[in-house]
Each structure stands twice: as C-alpha cells, then as structure tokens.
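Participant:
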Amino acid sequence: MKETNLTPLRILIVDDSLSMRELLQALLEAMGITDVIHAKNGEEGLQRFYETRPDIIITDGAMGPMDGYELTDRIRTNPDNPNPYVPIIMLSGYLGTKQIEKARAKGVTEYLGKPVSSITLYERIIEIIGNPYYFIRTPTYLGPDRRRETGDLHRGAERRTSDAIAATGRAATGRAATGRAATEGKVRSDLSGNAFNVFRSYE
Amino acid sequence: MQQKPDVTPRTATGIPAEIIHIPAIAESKCLLDDATHLRMDPRIQSRIHDVVSVLQRDYVGVLAHQINKLQKECQSWAEGDCAAEGQTYALAHEIRSIAGTFARPLASEIAARICSLIDTLDIDHCAPTIAIVHEHIKVLMHIVELTPEPQGMSAKVIINRLEEIAAAHMPFDHHVGQRQGMR
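Chains A and B supply the protein sequences, listed in that same order. Start counting the first sequence at 1; every next residue gets the next number (this note's numbering). Start counting the second sequence at 1001; every next residue gets the next number (this note's numbering).
(1) Can you tell me the Cα-Cα spacing of B:Glu-1130 and A:Pro-65, whole angstroms?
(2) Which residues in the same chain as A:Arg-10 place their Cβ atom closer than 6 Å to its Cβ, once the five residues preceding and following it in sequence are excluded?
(3) Step through the CB atoms of chain A and report whether any lies within less than 7 Å of the CB of B:Ala-1017.
(4) Could you pull the start and end residues of the beta strand (DSSP E) that B:His-1021 belongs to?
(5) Taking the alpha carbon of A:Tyr-85 as the reference point, which residue from A:Gly-107, A:Gly-32, A:Ala-26, A:Leu-95 has its own alpha carbon closest?
(6) How is the alpha helix (DSSP H) around A:Met-20 delimited, first residue to last?
(7) Evaluate B:Gln-1066 with the Cβ neighbour count: other Cβ atoms within 10 Å of its Cβ, from every protein chain shown; 16 or more gives buried, anything less gives exposed.
(8) So, at 8 Å on beta carbons, what are the nonlocal neighbours of B:Arg-1047 in its own chain, with the 5 sequence-adjacent residues on each side left out?
(9) Closer than 7 Å, CB to CB, is B:Val-1051 near chain C or not?
(10) If the cut is a Cβ gap below 8 Å, which residues of chain B does A:Val-36 touch?
(11) Would you say A:Ile-13 reaches chain B, if we count a Cβ-Cβ gap shorter than 7 Å as a contact?
(12) With the cut-off set at 7 Å, would you say A:Asp-60 and A:Gly-68 are in Cβ contact?
(13) Among A:Pro-132, A:Met-90, A:Ser-17, which one has its Cα closest to the Cα of B:Glu-1027?
(14) Which of the three DSSP states, helix, strand or coil, is assigned to A:Asp-60?
(15) What did DSSP end up calling B:Ser-1108 once you bin it into helix, strand or coil?
(16) Quick check: the region 1103-1116 of chain B against the region 1155-1163 of chain B, are there 3 or more CB pairs under 8 Å?
(17) In whole angstroms, what is the alpha-carbon distance linking A:Lys-114 and A:Leu-95?
(18) Listed from N- to C-terminal order along the chain, which residues in the region 1082-1100 of chain B have their beta-carbon within a distance smaller than 8 Å of any beta-carbon of chain A?
(19) Determine the burial state of A:Pro-139: buried for a count of at least 16 other Cβ atoms within 10 Å of its Cβ, exposed for fewer.
(20) Could you tell me which residues DSSP puts in a beta bridge with A:Ala-39?
(21) Grouping DSSP H, G and I as helix and E and B as strand, with all else coil, what is A:Thr-7?
(22) Can you find a C-beta in chain B that's less than 7 Å from the C-beta of A:Ile-125?
(23) My understanding is that B:Ile-1025 touches A:Met-31, with C-beta atoms under 8 Å, so please give their C-beta distance in whole angstroms.
(24) Less than 7 Å between the C-beta atoms of B:Leu-1091 and B:Lys-1072, yes or no?
(25) Give the residues of chain B in contact with A:Asn-78, contact being defined as C-beta atoms less than 7 Å apart.
(26) Helix, strand or coil: how does DSSP classify A:Ile-119 here?
(27) Specify, as a first and last residue, the run of the alpha helix (DSSP H) that B:Pro-1042 falls within.
(28) For a test of the three-state rule: what should DSSP assign to A:Pro-144, helix, strand or coil?
(29) I'd like to know whether the C-beta of B:Pro-1150 is nearer than 7 Å to at least one C-beta of chain A.
(30) Can you find a CB in chain B that lies within less than 7 Å of the CB of A:Phe-133?
(31) Checking 7 Å against the spacing of the C-beta atoms, do A:Leu-28 and A:Ile-57 come in under that value?
(32) Below 7 Å between beta carbons: does that hold for A:Leu-71 and A:Gly-93?
(33) Grouping DSSP H, G and I as helix and E and B as strand, with all else coil, what is B:Ala-1129?
(34) Suppose the cutoff is 6 Å on Cβ atoms and the five residues either side in sequence are ignored; what does the same chain contact list for A:Arg-180 look like?
(35) A:Gly-130: buried (16+ other C-beta within 10 angstroms of its C-beta) or exposed?
(36) Going by beta carbon distance, what residues of the same chain come within less than 7 Å of B:Ala-1167, once the five residues before and after it are set aside?
As structure tokens, this is what we get:
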C-alpha cells in the first residue's frame, strides 16, 4: 500500500498558546504535513490566510483581539475572499451548547473539544480532504451543509412531507438531493431551521 | 432508533439558498489518483503515536514548571495583584488544553475546574475562590509527580475531595440558588 502523501497540504494554525501551536505542528508533521503557518490570534490569522491561502485552518475559539468565531465569520462573509469555502476546524475547551451553536452559525466545519486527541485530529483531516463537500449560501449564512444523509435509502414516510413535495416535487434526501439541487442551480429552501444537523462531536 | 435527518429542501419562509459543490481537496491537490481511496494510514497513525510518546515524556517537566508558576501567580493574586488573576487563568487554561493530549486527563480536569472557578468568580467576594484554587494547585503539584497519574476510581476520589473543599469554602446559598462567592 502506497503511503498517503499529505505534504502538498498547507495548514494555518491560529491559537494564542505557543505550546498548543507547537503541539499541533508536531502532530501535523507526523502526518507528513510540513507546510504549517502560525498565527497567534484571529486578526493575524486573517492576514496570514490572505497571504498564504491555506487548504485548512485549525483555530482556537477564545482568543484576542479577534477570536476564532469572528475569524470564521470574516472568512465566510467577505465577498472579496477568493476561498470562503476553506475548511475550518475549531479546537475549543468550551463545549457548552451556546459555543457549539455559535460556531455552527458562523460556518465552522468541525468543532473539536480540547484536549485534542491526535488520532481524532488526523481522522478529521482525512475526512475533510478526502471527500467533496457542499456549502450552503443564504442571505444570512454561508457554511457547510450539515445534512449528512447520502442516498435515497429511506423507504418510510417522509417526516416533513408537505415541505418536501412543495419544494422539489418529490421527496429528496441528503447529499443526493443537494447534488441534484446544485446541478439545477438555485433551490428555494429554509435552512435556518432544523435542517442542519448538529456537529458530530456534539451528538 | 435512528431518526432520518431532515434533508429535504424547505420552503417555509421562502429563503433562497444556493448549494455549492466543492471538490475534494485531495483531488484538487492531487494527493492521490483516486481521492475516494483516501483512508487513515496505519503507518501515519503509528508515527503520530511515536511523536505523542516523545512529547509526553518531555511534557511532565513542562507541566511541573507550569504548575509552579501557577502557584506563584495564585499567591500574588491572593496578595492583591489583580493582573495575577489573569495569569492564573491563562496558565490553567493552557494546562487544561494540553495535559489531556499527553495522558494527563486528571490534571486537565483539575485545571478546567480552576478556569471554571475563575470564570464564575464574584470579584467582590473572591477570597474563598482563591483558597479553593490554591487547594486545586496543591493537588496538581502532587499528581504531576505520579506517572501514570491516578485514574478511574482514584481520580474520582480526588475530584470528589475537591468538590468537598469547594463546598466547605463556598456553601450553597439556597436564596440565590448557587454557591456563595460565585456570580
């Protein structure tokens, strides 16, 4: 088996703790990722992001003068940003519902609790880079599509039959549906409600 | 029972949504001929394990140093140095973030308790909190010398003991529904 080569990846680490940045860098280097850029707060992180165009951002949640939530928001909402879809992994010691919901609303891709498990981090990186993903843009949100069902596997009654039929003419599920929708261009959808699944780590 | 996720586009409020397909990074960066075959590589996992083991050995010394600094900052805080409160929090926050990664979950939990105590501190009534933080630091100083650190029931006993100490310093105020000295 040929070893997976992750060397071409560039990762931006944004954390106010030097020890945490060094730890993350050591773990990334063990994965073969040597192109690692550091920033010690969101403001510096944003600047580095524009300068270096990383493939993935790993950011802390709470730091100053700009925290990880605002950093995510700026990346997702700046109309001049060449890559608002960059995957953002947030590492945070705060695992309360409020913080997780805030991260989700800002468009964070993955939310991992500190202390970080090295293997979990590796697993998430592989998952992020190995799979195509979908983003949803509404007037109030730009971020990952949280709907994770991938096929027309459900054979039972639709839970929201009236919504489904009105929107697409047939019941549609998951990424199959979003894929179809993407090819059809714009769809009309209320994505502010419980269409989003909560983060994996939150389940 | 697993519920089927709500995956149907909805029209309740008529908000238009655009769904954007982003190709796999592995594909766009040519990491593999076929990105769908990207899986966790056991050789990389083993390398990560080795790196963590090496860092873990060095971390004991770093942790001991941080705990000593924590004690000094807490002492300064007790003597009225306001800036030391922030330093105490920052050090505890750092221990909480990293200790667990290096097989020190109990140190991480105790540091998290210190952060939580400072987060909920009533600044007009901080002496009991400082006393409790001191007790937590004493325990940290003790467990840093133990490798492996106490686990399972022993760890639970230590946390319960810290709970008792907290309760003794800050009895529960039934009128306000929380411990005295907390906001």
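The beta-carbon is built from N, C-alpha and C at its ideal position, and this holds for glycine as well. This one's a predicted model, so the numbers in the text were calculated from it and none came from an experiment.
Facilitator: Taking the geometry as given:
(1) The residue you asked about is not Glu; residue 1130 of chain B is Ile in the sequence shown. Each residue's Cα considered, the two are about 27 Å apart.
(2) Asp-35, Pro-54, Asp-55
(3) yes
(4) 1016-1022
(5) A:Gly-107
(6) 18-30
(7) buried
(8) none
(9) This model lacks chain C altogether; the protein chains it does include are A and B.
(10) Here the premise fails: no neighbours, minimum Cβ distance about 14 Å.
(11) no
(12) yes
(13) A:Pro-132
(14) strand
(15) helix
(16) yes
(17) 9 Å
(18) His-1093, Glu-1094, Arg-1096, Ser-1097, Ile-1098, Ala-1099, Gly-1100
(19) exposed
(20) A:Val-14
(21) coil
(22) no
(23) With 8 Å as the limit, B:Ile-1025 and A:Met-31 do not qualify as a contact, their Cβ atoms being about 14 Å apart.
(24) no
(25) In chain order: nothing, as chain B lies at least about 16 Å away.
(26) helix
(27) 1042-1078
(28) strand
(29) no
(30) The displayed chain sequence assigns Tyr, not Phe, to residue 133 of chain A. Chain B, which has a Cβ nearer than 7 Å to the Cβ of A:Tyr-133, makes this yes.
(31) no
(32) no
(33) At residue 1129 of chain B the sequence reads Thr, which differs from the Ala that was named. Here B:Thr-1129 sits in helix by DSSP.
(34) Caution is warranted here: a pLDDT of 35 is assigned to A:Arg-180, below 50, making its placement in the model unreliable, and the coordinate value is therefore given only provisionally. Result list for A:Arg-180: empty, nothing under 6 Å.
(35) buried
(36) none
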